[in-house]
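*Asks:*
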Amino acid sequence: MSELLNSPVWRDLFVNNADQIPWYAEFVRSLLRFVIALAGGLGSVPILVWLERRLLGFWQGRLGPNRVGPFGLLQPLADALKLMMKEDITPTNVDKTLYYLAPAIALVPVICSLTVLPWNSSSDWGAVAPHLNVGILFLLAVASIEVYGVILAGWSSNNKYSLLGGLRASSQVISYELGMGLSIIAVLLMTGTLAMQELVHSQTIATNVPIPDSNYSVWTQSVSAGFWNWNIFKLFPFGLVAAVVYMISMIAETNRAPFDLPEAETELVAGFHTEYTSFKFAMFFMGEYANMMIVSAICVTLFLGGYTAPWGILGQLPASWTFFPSSVLNFVNHVVIAPAWLFIKLYTLISFFILVRASQPRLRYDMLMHFGWKVLLPTALANVVLVATSMALQQLFGAVGHFIAVGIAGCLATIVLWVAYLHWKARKSGDEASRLPIRRESVVRAIAARMPVED
Amino acid sequence: MTLQALLSGQGLMFLFFAVAAIASGLLVVILQNPLRAALSLVINLFSVAGLYLSLNAYFLATVQVIVYAGAIMVLFLFVIMLLNMGQANLNTSYRGVRTIIAFSSAIGFGGLMSAVALKGQPDVMLPADAMVTGSSAGSVEGIGKVLYNPNLPWLFAFEWTSFLLLVAVIGAVVLAGKRQQPSEDKA
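Line order of the protein sequences matches chains C and F. So for the first sequence, my numbering puts the first residue at 49; every next one is plus one. So for the second sequence, my numbering puts the first residue at 3; every next one is plus one.
1) Express the C-alpha separation of ALA291(C) and LYS188(F) in angstroms, rounding to a whole number.
2) If we ignore side chains and look at the alpha-carbon of each, how far apart do LEU484(C) and ARG475(C) end up?
3) Tell me, which residues are paired with ILE269(C) by DSSP?
4) Can MET133(C) and ALA330(C) be called in contact, C-beta distance under 8 Å?
5) Threshold first: 4 residues or longer. Then list the alpha helix (DSSP H) segments lying entirely within the region 140–172 of chain F, N to C.
6) At what residues does the alpha helix (DSSP H) containing ILE232(C) begin and finish?
7) Apply the 10 Å Cβ neighbour rule to ASP503(C) and answer buried if 16 or more other Cβ atoms are within range, or exposed otherwise.
8) State the Cα-Cα distance for the pair ASN48(F) and SER26(F), rounded to the nearest angstrom.
9) Taking ILE199(C) as the query, report the chain F residues whose CB atoms sit under 9 Å from its CB, ordered along the chain.
10) Exposed or buried, what is MET415(C) when buried is set at 16 or more other beta-carbons lying within 10 Å of its beta-carbon?
11) Report yes or no: do three or more beta-carbon pairs, one from the region 293–302 of chain C and one from the region 96–106 of chain C, lie closer than 8 Å?
12) Is GLY214(C) closer than 8 Å to VAL190(C) when the C-beta atoms are compared?
13) Would you check if there are 3 or more beta carbon pairs closer than 8 Å linking the region 234–251 of chain C to the region 215–224 of chain C?
14) For chain C, is any of its Cβ atoms less than 8 Å away from the one on VAL164(F)?
15) Throw me the rounded Cβ distance for the SER92(C) and MET417(C) pair, which I believe falls under 8 Å.
16) What is the DSSP secondary structure of LEU411(C), reduced to helix, strand or coil?
17) Looking at the C-beta of PHE61(F), does it have a partner C-beta in chain C at a distance below 8 Å?
18) Within the 8 Å Cβ cut-off, does LEU154(F) reach chain C?
19) Find the nearest neighbour of LEU390(C) within the set LEU429(C), LEU350(C), ALA254(C), judged by alpha-carbon distance.
20) Could you give the first and the last residue of the continuous alpha helix (DSSP H) run that contains GLN68(C)?
21) Residues in its own chain within less than 8 Å of TRP156(F) by CB, not counting five upstream and five downstream?
22) Give me, in chain order, the residues of the same chain whose beta-carbon lies closer than 6 Å to that of ASN206(C); leave out the 5 immediate sequence neighbours on both sides.
23) Under a three-way DSSP split, which group does TRP389(C) fall into?
24) Taking the alpha-carbon of ASN339(C) as reference, which of TRP421(C), THR302(C), TRP58(C), THR325(C) has the nearest alpha-carbon?
25) Looking only at C-alpha atoms, which of THR252(C), LEU425(C), TRP173(C) sits nearest to LEU79(C)?
26) Let me see if you follow: with CB-CB separation under 8 Å, is ILE68(F) close to chain C or not?
27) Return the residues of the region 152–165 of chain C that lie within a Cβ-Cβ distance of less than 9 Å from chain F, sorted by chain order.
28) Using the Cβ count rule (16 or more neighbours within 10 Å means buried), how would you classify ASN153(F)?
29) Please report the distance separating the alpha-carbon of ILE153(C) from that of TYR413(C).
30) Around the C-beta of ILE1(F), are 16 or more other C-beta atoms found within 10 angstroms, so that it is buried, or is it exposed?
31) For SER26(F) and chain C, any beta-carbon pair shorter than 8 Å?
32) One question on the structure: do LEU162(C) and LEU86(C) come within less than 8 Å of each other, judged by their Cβ atoms?
33) By DSSP, does THR101(F) sit in helix, in strand, or in coil?
34) Short of 8 Å in beta carbon distance, which residues of its chain neighbour THR513(C), apart from the five on each side in sequence? Order them along the chain.
35) Please list the terminal residues of the continuous alpha helix (DSSP H) segment that includes HIS249(C).
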């Protein structure tokens with residue numbers, strides 16, 4: 049055993065630093081990290097499906113799937129089998145190339161975005177690509193090409209409901225991407241970095257552990273400093289506003305209820321995947337759930353401290369347990385506890401979104417666009433400006449500067465709400481006086497225009 | 003570029019993306035179906051982003067994907083899909099004018115390329131403090147330090163570009179905004 053552990057190949061693969069290993073070892077490491085990410089990412093899709101159906105059942109006073117396996121845990125497996133066994137139908141007049149390509153385009157970006165998600169603070173093993181220093185921009189880039197899968201599926205199906213669903217989905221995703229990007233910019237302003245690992249470090253007490261004999265001078269190890277250091281609580285109302293904007297746009301981005309207009313059954317059959325069956329449908333389905341998981345994971349990383357515990361001592365075994373060798377302590381801290389916290393936060397967040405789905409009715413399409421462009425986007429934009437103002441004032445006046453910025457924000461919010469109230473009141477009184485008769489009259493005219501004229 | 007330089011990791015990357023960029027660029031022009039031509043353009047933009055990556059310009063590559071592939075091309079696809087443009091709509095009008103434009107722009111581009119090839123080195127010299135080297139070259143920090151440096155000429159250009167974009171945004175709002183409807187009721 050010790051012979052194996054000291055062999056040069058083993059040391060290259062698992063022990064030495066990334067800049068001291070031959071290229072094949074780096075390749076194997078990348079592959080291993082990617083397998084870990086895939087197992088965590090796509091492996092949690094069935095769990096997610098099960099969780100969603102059970103929780104929906106619970107909140108709607110039903111049982112949910114509870115027959116296959118203990119608590120119905122094997123139900124997703126049975127569903128997957130069913131999907132694969134079904135006949136794979138290709139409609140006659142579809143654009144074949146694009147029709148086959150679309151599910152793949154929907155799934156691949158989701159898997160790509162797994163690569164920058166950090167799951168512990170190790171500089172070699174903490175993510176698939178732990179040294180990518182434009183991590184969050186990469187995520188935005190990948191998120192912006194996800195929409196192609198939906199558009200192409202809708203267009204190539206040669207079906208007007210599919211096309212409408214695809215168009216709706218893409219315009220919705222593009223609109224809410226703006227709010228999402230702006231809320232991310234607020235976080236970037238607060239933390240001053242684009243790298244995902246450093247985003248987590250900035251929410252914790254990061255200690256630099258020197259790495260001997262290496263070009264990478266330090267390994268930044270982060271220990272939780274308590275949940276009050278998370279970005280959601282940073283610069284108090286501004287971090288929270290950014291988080292809320294992100295969460296709302298994230299639901300819209302994944303086309304989930306109450307923003308699931310692309311799949312509104314009452315209007316569009318099943319939206320862009322109406323014409324898809326069997327495994328191609330399964331790919332859309334998988335992509336959607338994996339996407340939901342990944343945007344939640346990004347939310348956890350950006351706003352909720354990533355893989356760190358809400359309180360320092362919960363994140364690691366006590367250092368006084370010296371009867372374990374330090375390698376075992378390290379292993380448990382970084383390989384078991386850190387990812388466990390990531391998953392706990394992730395599933396809590398996802399359960400919250402399932403609750404939103406269970407409790408909120410679907411929006412109308414114009415309401416959705418109205419909300420995205422006229423409420424969410426200005427809020428996020430004002431938030432970015434206020435974060436910048438607060439930081440600039442803090443450089444001038446110290447901590448007092450933040451309160452000045454909060455005061456400005458309060459004045460702004462009051463004015464906006466007051467104007468909105470005046471508008472609402474004017475519209476309400478105007479409704480009875482002038483708008484209704486005109487509307488009725490125009491309806492009558494429209495009907496009259498269609499009636500056959502009898503002379 | 004020597005053969006040896008081409009066979010290094012970076013050179014292979016360059017070869018791959020250059021071939022992909024040229025091939026997809028040709029497809030944009032050749033393909034008859036407008037949707038497929040637009041998709042080839044997406045591939046072309048990705049290849050150019052790959053070329054940026056092989057030059058260590060990570061920021062430029064990601065921004066290229068976000069802005070062009072993610073936003074602008076999606077709007078292209080929107081228009082193509084909404085108008086349901088088929089092959090018939092394309093080849094009917096302005097045949098002669100299009101041929102003239104195509105030839106003249108091909109000649110112009112060819113002349114530009116050959117001028118660059120004959121000249122070899124660009125004679126634009128960067129000031130010393132604009133040279134960002136080491137790991138920060140091409141990163142966000144590097145770009146920011148060059149772009150916002152008041153001693154360099156690019157801050158002015160940057161601000162004026164953003165001003166131009168603002169004008170475009172306001173113009174779009176004005177054009178798309180509600181017109182004053184002539185009152186048709188009270189007849």
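Ideal Cβ positions, reconstructed from N, Cα and C, are used throughout, including at glycine.
*Replies:* Once the coordinates are examined:
1) Locating residue 188(F) in the second sequence gives position 186, where the first residue counts as 1. Locating residue 291(C) in the first sequence gives position 243, where the first residue counts as 1. Summary for LYS188(F): the model assigns pLDDT 47, below 50, so the residue's position carries little reliability, and this model does not support an answer.
2) Position 436 of the first sequence, counted from the first residue, corresponds to residue 484(C). Position 427 of the first sequence, counted from the first residue, corresponds to residue 475(C). Residue placement at LEU484(C) is flagged as unreliable, the pLDDT there being 48, under the threshold of 50; a coordinate-derived value is accordingly withheld.
3) Here residue 269(C) refers to the residue found at position 221 of the first sequence. Here the sequence assigns Gln to residue 269(C), which means Ile is not the residue at that position. Answer is THR255(C), bridged to GLN269(C).
4) Locating residue 133(C) in the first sequence gives position 85, counting from the first residue. Locating residue 330(C) in the first sequence gives position 282, counting from the first residue. Cβ atoms of MET133(C) and ALA330(C): not closer than 8 Å.
5) 142–149
6) As a working mapping, residue 232(C) is identified with position 184 in the first sequence. Run containing ILE232(C): 208–239, per the alpha helix (DSSP H) assignment.
7) By one-based count along the first sequence, residue 503(C) stands at place 455. Model confidence at ASP503(C) stands at a pLDDT of 49, short of 50, so the residue's coordinates are unreliable and nothing is read from them.
8) Working through the second sequence from its first residue, we reach residue 48(F) at position 46. Working through the second sequence from its first residue, we reach residue 26(F) at position 24. In the sequence under discussion, the amino acid at residue 48(F) is Phe, which differs from the Asn named in the question. Roughly 10 Å separates the two Cα atoms.
9) Sequence index remark: in the first sequence, residue 199(C) carries index 151 (1-based). Within 9 Å Cβ-Cβ: VAL76, LEU79, PHE80, MET83.
10) Here residue 415(C) corresponds to residue number 367 of the first sequence, with the count starting at 1. Per the 10 Å Cβ criterion, exposed.
11) no
12) Working through the first sequence from its first residue, we reach residue 190(C) at position 142. Working through the first sequence from its first residue, we reach residue 214(C) at position 166. Going by C-beta atoms, VAL190(C) is not nearer than 8 Å to GLY214(C).
13) no
14) Position 162 of the second sequence holds residue 164(F). Note on residue identity: the sequence assigns Ser, not Val, to residue 164(F). So, not an interface residue.
15) Residue numbering aside, residue 92(C) sits at position 44 when the first sequence is read from its first letter. Residue numbering aside, residue 417(C) sits at position 369 when the first sequence is read from its first letter. So it is not a contact: roughly 32 Å between Cβ atoms.
16) As a working note, residue 411(C) is residue 363 in the first sequence. Coil at LEU411(C), not helix or strand.
17) Counting from one through the second sequence, the residue named residue 61(F) turns up at place 59. It does: the Cβ of PHE61(F) has a partner Cβ on chain C nearer than 8 Å.
18) Here residue 154(F) refers to the residue found at position 152 when the second sequence is read from its first residue. LEU154(F) does not count as touching chain C.
19) Numbered from its first residue, the first sequence carries residue 390(C) at position 342. Closest by alpha carbon: LEU350(C).
20) As a position in the first sequence, residue 68(C) is number 20, starting the count at 1. Taken as a continuous stretch (DSSP letters only), GLN68(C) belongs to no alpha helix (DSSP H), as it is neither H nor E.
21) In the second sequence, counting from the first residue as 1, residue 156(F) sits at position 154. Excluding positions up to five away in sequence, the list reads VAL148, LEU149.
22) In the first sequence, the residue the question calls residue 206(C) occupies position 158. The residues are ASN141, VAL142.
23) Along the first sequence, read from residue 1 onward, the residue named residue 389(C) stands at position 341. The answer is helix: DSSP assigns TRP389(C) an H, G or I state.
24) Locating residue 339(C) in the first sequence gives position 291, counting from the first residue. Closest by alpha carbon: THR302(C).
25) Position 31 of the first sequence, counting from 1, holds the residue named residue 79(C). For the residues THR252(C), LEU425(C), TRP173(C), the minimum Cα distance to LEU79(C) belongs to TRP173(C).
26) As a first step, residue 68(F) is located in the second sequence; it is residue number 66 there, counting from the start. Chain C contact via Cβ: present.
27) none
28) Translated into positions along the second sequence, residue 153(F) becomes position 151. Label assigned to ASN153(F): exposed.
29) In the first sequence, counting from the first residue as 1, residue 153(C) sits at position 105. In the first sequence, counting from the first residue as 1, residue 413(C) sits at position 365. Looking at the two C-alpha atoms, the distance is approximately 25 Å.
30) Absent from the model: residue 1(F). The displayed extent of chain F is 3 to 189, so no value can be given.
31) Indexing the second sequence from 1 puts residue 26(F) at position 24. For SER26(F), the answer is no, since every Cβ of chain C falls outside 8 Å of its Cβ.
32) Here the question's residue 162(C) lines up with position 114 in the first sequence. Here the question's residue 86(C) lines up with position 38 in the first sequence. The answer is yes: Cβ separation under 8 Å.
33) The sequence position of residue 101(F) within the second sequence is 99, counting from 1. If DSSP states are grouped into helix, strand and coil, THR101(F) belongs with the helices.
34) No information on residue 513(C) is available, as it lies outside the stretch 49 to 503 that chain C covers here.
35) Residue 249(C) sits at position 201 when you count from the first residue of the first sequence. Counting along the chain, the alpha helix (DSSP H) containing HIS249(C) begins and ends at 244–249.
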